[in-house]
Amino acid sequence: MRDQNVPSTETSRKKSVFGRVGWVEVVSFVVVACVVYALGVVWLVHELQRRSYGGEYDGCVQRTRTTAMQNEIKNAMRHAWQAYRAYAWGHDILKPVSRAPGEPLFELAATVVDAIDTLVVMDLEIEYQNARTLIADDLNVNPDRFVNTFETIIRCLGGLLGAFTLTKDAVFLSQATKLGYALLPAFESSLTGIPFRYVNLRTGAVQDDDVPLSEATTVQLELRVLAHLSNESRFAKAADRAMCAVERL
Numbered sequence: 078m079r080d081q082n083v084p085s086t087e088t089s090r091k092k093s094v095f096g097r098v099g100w101v102e103v104v105s106f107v108v109v110a111c112v113v114y115a116l117g118v119v120w121l122v123h124e125l126q127r128r129s130y131g132g133e134y135d136g137c138v139q140r141t142r143t144t145a146m147q148n149e150i151k152n153a154m155r156h157a158w159q160a161y162r163a164y165a166w167g168h169d170i171l172k173p174v175s176r177a178p179g180e181p182l183f184e185l186a187a188t189v190v191d192a193i194d195t196l197v198v199m200d201l202e203i204e205y206q207n208a209r210t211l212i213a214d215d216l217n218v219n220p221d222r223f224v225n226t227f228e229t230i231i232r233c234l235g236g237l238l239g240a241f242t243l244t245k246d247a248v249f250l251s252q253a254t255k256l257g258y259a260l261l262p263a264f265e266s267s268l269t270g271i272p273f274r275y276v277n278l279r280t281g282a283v284q285d286d287d288v289p290l291s292e293a294t295t296v297q298l299e300l301r302v303l304a305h306l307s308n309e310s311r312f313a314k315a316a317d318r319a320m321c322a323v324e325r326l
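With the numbering used here applied, the sequence shown covers 78 to 326.
Here it is in structure tokens:
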């Protein structure tokens, strides 16, 4: 009768086989499996592209379609821009149905300031030059008007900084810096550091300290970039005070 403590021949054979598999073999297997998987994904993507374009895919069809789509988008931008120039040039917004300027939001030619970096990206040179001329010669960044601090920073200040980042044209940084100083009272007049919701860009008067959390904390990018580009630390300190005040809540 076989001793129960002695392993069977079959059990011993299994142990001897698996005992010879070391970590090198395991790693090699994993690497091979990953390579096979990656090749399978590449083949699948290629096959889907080939079937989508109805023939052998080499990128040319996609480039042709992309170019056509880009042209359509540029034409749509030109259409909107020409309407704005014709019916609301220099105003914040255009009402497309009545073809008249809308109620002013900032009196900062917001459509121009907000869209000029898009004109640069789209390579719309004529439209860009028109916008630059307005910003350089006609834009008054200190109107006697209360504006929403948050909206002015993300749209107008952000638009000017975006244009400068893309073009390095000092006109945009100069106007952005002037606008930044006009916005600072919203931050520096606050005892807590959380900016007032509205500020008069000419007098520095402020209104409404009941500010939504998102408005108080999502102005960091523009203020810090302006501080860096203008070498004016007050803008970064304003952003820091706002964030520290919210963290203390």
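Ideal placement from N, C-alpha and C gives every residue a C-beta, glycine not left out. As the structure is a computational prediction, the values presented were derived from the model and not from experiment.
For residue i, the three-state DSSP class (helix, strand or coil)
i, result
"residue 207", "helix"
"residue 276", "strand"
"residue 182", "coil"
"residue 311", "helix"
"residue 190", "helix"
"residue 108", "helix"
"residue 217", "coil"
"residue 171", "strand"
"residue 177", "strand"
"residue 288", "coil"
"residue 296", "coil"
"residue 134", "At residue 134, the pLDDT of 45 sits below 50, so the modelled position is not reliable and the matter cannot be decided from this model."
Proximity of residue i and residue j at Cβ, strictly below 8 Å
i, j, result
"residue 226", "residue 279", "no"
"residue 194", "residue 240", "yes"
"residue 299", "residue 235", "yes"
"residue 304", "residue 293", "no"
"residue 201", "residue 154", "yes"
Nonlocal neighbours in the same chain, by C-beta distance under 8 Å from residue i, ignoring five residues either side
i, result
"residue 188", "161, 165, 168, 169, 170, 171"
"residue 186", "167, 168, 169, 211, 212, 215, 216"
"residue 192", "158, 208, 236"
"residue 228", "182, 183"
"residue 290", "323"
"residue 179", "165, 168, 169, 170, 171, 172"
"residue 112", "none"
"residue 246", "209, 240"
Own chain, CB closer than 6 Å to residue i, minus 5 neighbours either side, in chain order
i, result
"residue 220", "184, 278"
"residue 151", "199"
"residue 204", "158, 196"
Contacts around residue i, its chain only, beta-carbon distance under 7 Å, and the 5 residues preceding and following it disregarded
i, result
"residue 244", "197"
"residue 261", "311, 315"
"residue 252", "212, 216, 218, 237"
"residue 176", "164"
"residue 318", "264, 270"
"residue 117", "none"
Residue closest to residue i, alpha-carbon to alpha-carbon, out of the options
i, options, result
"residue 297", "250, 213, 272", "272"
"residue 231", "178, 256, 222", "256"
"residue 285", "264, 119, 308", "264"
"residue 309", "173, 116, 258, 177", "258"
"residue 250", "325, 190, 206, 149", "190"
Supposed contact pair residue j and residue i - C-beta distance, whole angstroms, cut 8 Å
i, j, result
"residue 248", "residue 266", "Contact flag wrong, Cβ pair sits at about 29 Å."
"residue 242", "residue 307", "Contact flag wrong, Cβ pair sits at about 13 Å."
"residue 276", "residue 223", "7 Å"
"residue 270", "residue 321", "6 Å"
Residue-level contact to chain D via CB, residue i, 8 Å cutoff
i, result
"residue 167", "In summary, chain D is missing from the structure at hand, where a single protein chain is found."
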